[in-house]
Every structure is written in C-alpha cells, then in structure tokens.
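Numbering (full-length UniProt numbering), first residue to last: 1 to 207.
Heads up, the beta-carbon is just placed ideally off N, CA and C, and yes, glycines get one too.
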Amino acid sequence: MQVCSTTTDVFTTPVTLLDGLLEYYPAAIEQADLWQHQLRETVPWQQDTITIYGRQQRIPRLQSWHGDDDALYQYSGTYLIPKPWTTELLALKAMLPPFGLSRCNSVLCNLYRSGQDSMGWHSDDEPELDTQSPIVSISLGCERDFAVRRRGETRMHSKLRLQHGSVLVMQPAFQQYWQHSLPKRATVHGERINLTFRAVCNRVVSA
C-alpha cells in the first residue's frame with residue numbers, strides 16, 4: 001500500500017493555518033479505507049486511566065502507544081511503555097519525512113468509537129517530546145472537528161474538519177501558543193482512528 005500520493009501536489013500545496021503553525025493535507029492517504037480496517041484489527045486497543053485534578057478517570061476513547069524500546073512517555077499521570085511497531089504502523093512511519101518528521105520513534109494511536117468519544121483541551125508539550133520536531137497526525141474514518149484555542153483562553157478560536165485520509169502537521173511552536181481538542185459530536189455515529197507520530201527524547205519526566 002502507498003500512504004502518500006506521488007501523482008499530486010500533496011506535499012507542496014497544503015492548507016496552512018495559524019501563520020503556518022498548522023499544515024493540512026486533505027487527501028494525503030491512498031487506500032484510506034484499507035488502512036483503517038487493518039489498523040482497527042491489528043492495533044491492541046485499550047481504555048487507559050489518567051489522573052485529572054488528583055482523580056483517576058477512564059479516558060473517553062481507546063488508545064495504544066507504540067514505538068522504539070526506549071520511547072517512554074508520560075502524560076496526565078499515565079506512564080506509557082511502548083508496544084512494538086506493527087507492520088502497518090512501520091509502513092505509515094516510512095512515509096513521514098515529506099511531511100517534515102524525519103526522526104520519528106513513537107506513535108500514539110487513538111480510536112474514537114463514536115461521537116461520544118472525545119479528547120479534552122491540551123497541548124502536546126510534555127518534557128519528553130522533541131521540541132524541534134513536528135507532530136504528524138493521520139486521520140482515518142468519520143470526519144471530526146479539530147478545535148483550537150489560544151493558551152490561557154477559554155473561547156474556541158477556530159476549528160478544522162479532519163477528513164478521512166487527511167494529514168495534519170503541527171509545527172513545534174503550535175504547542176507553545178495553542179491548545180487543541182476533539183469535542184463530542186452527537187451526530188457522529190461511526191469510528192475514527194487518529195495516529196499522531198512523534199519524536200520523544202527517551203526519558204520520562206513526571207508531569
């Protein structure tokens with residue numbers, strides 16, 4: 001399977017947002033239906049627990065952390081030990097350099113089972129993350145809104161509908177100035193898989 005088309009201008013004509021801090025490629029993934037099916041079947045999805053304001057809560061989605069053996073990661077009181085790369089994840093990882101992620105050693109896989117699954121407001125600014133590398137996000141399945149707000153504010157600034165087979169590149173500075181979320185949507189009934197490929201610095205610092 002090919003991930004990224006080589007017959008279009010997908011790498012040279014992204015939709016740029018927030019002064020270039022976000023780059024959106026609406027149709028970057030070929031055979032997106034097949035990728036979604038294979039990832040649904042081969043990734044060991046589970047519902048983890050995180051700590052929010054001192055209380056443990058089950059996350060409103062399924063997830064799985066994969067990467068190199070030393071790609072340890074921690075967020076919201078959850079310590080993630082990487083599972084091995086699957087064949088599908090390695091194949092997708094190999095297609096990332098044209099999107100600016102030349103050094104990738106990990107990926108967080110999220111499965112949103114319906115519009116009732118969500119992701120709260122946050123920045124991907126954990127100490128383990130390489131501050132010089134972008135995060136490359138692949139979306140497969142039902143379209144969902146990627147909401148954005150300035151750090152320190154409560155009002156949503158804008159939102160972007162992430163299409164099936166799209167790629168969103170978050171430049172490092174995006175995490176400094178902005179937060180993002182995936183809000184619930186009552187009208188969404190199907191599944192969405194999101195893969196966020198990252199570079200971590202092989203250490204864990206408590207949040």
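F146 and G165 have their C-alpha atoms roughly 15 Å apart. Secondary structure note for E143: it is in no alpha helix (DSSP H), with a DSSP letter that is neither H nor E. The C-alpha of W121 lies about 30 Å from the C-alpha of E30. Residue ranges of uninterrupted beta strand (DSSP E) with 3 or more members, entirely inside the UniProt domain "Fe2OG dioxygenase" (103-201) and ordered along the chain, are 106-112, 119-122, 135-141, 144-150, 158-162, 166-170, 178-182 and 192-198. According to DSSP, residue pairing for K93 in a beta bridge does not occur. When DSSP reads this structure, V15 sits in a beta bridge with Y24. For the 8 Å CB-CB criterion, R149 and H157 form a contact. Residue pairing by DSSP places G100 opposite no residue, since no beta bridge is assigned to it.
When DSSP reads this structure, L80 sits in a beta bridge with Y73.
At the C-beta level, E41 and L111 stay beyond 8 Å of one another. For W35, the secondary structure class from DSSP, reduced to helix, strand or coil, is helix. Between V136 and the set F197, A94 and T154, the nearest pair of CA atoms involves F197. Secondary structure at R55: strand, using DSSP grouped into helix, strand and coil. Distance from the CA atom of R161 to the CA atom of P84, rounded to whole angstroms, is 31 Å. Nearest to I59 by C-alpha distance, out of D68, A71, G67 and Y75, is Y75. T86 carries a coil assignment under DSSP once its states are collapsed to helix, strand and coil.
Counting only residues of its own chain and dropping the five nearest sequence neighbours on each side, L21 has a CB closer than 8 Å to the CB of M170, Q171, A173, F174, Y177 and W178. A Cβ-Cβ distance of about 18 Å is found for the pair C104 and I193, leaving them out of contact under the 8 Å criterion. Sorting L34, T78 and R185 by C-alpha distance to the C-alpha of D117 places R185 at the top.
Only residues of its own chain outside the window of five on either side were considered, and among them S118, D145 and A147 have a CB closer than 8 Å to the CB of P183, listed in chain order.
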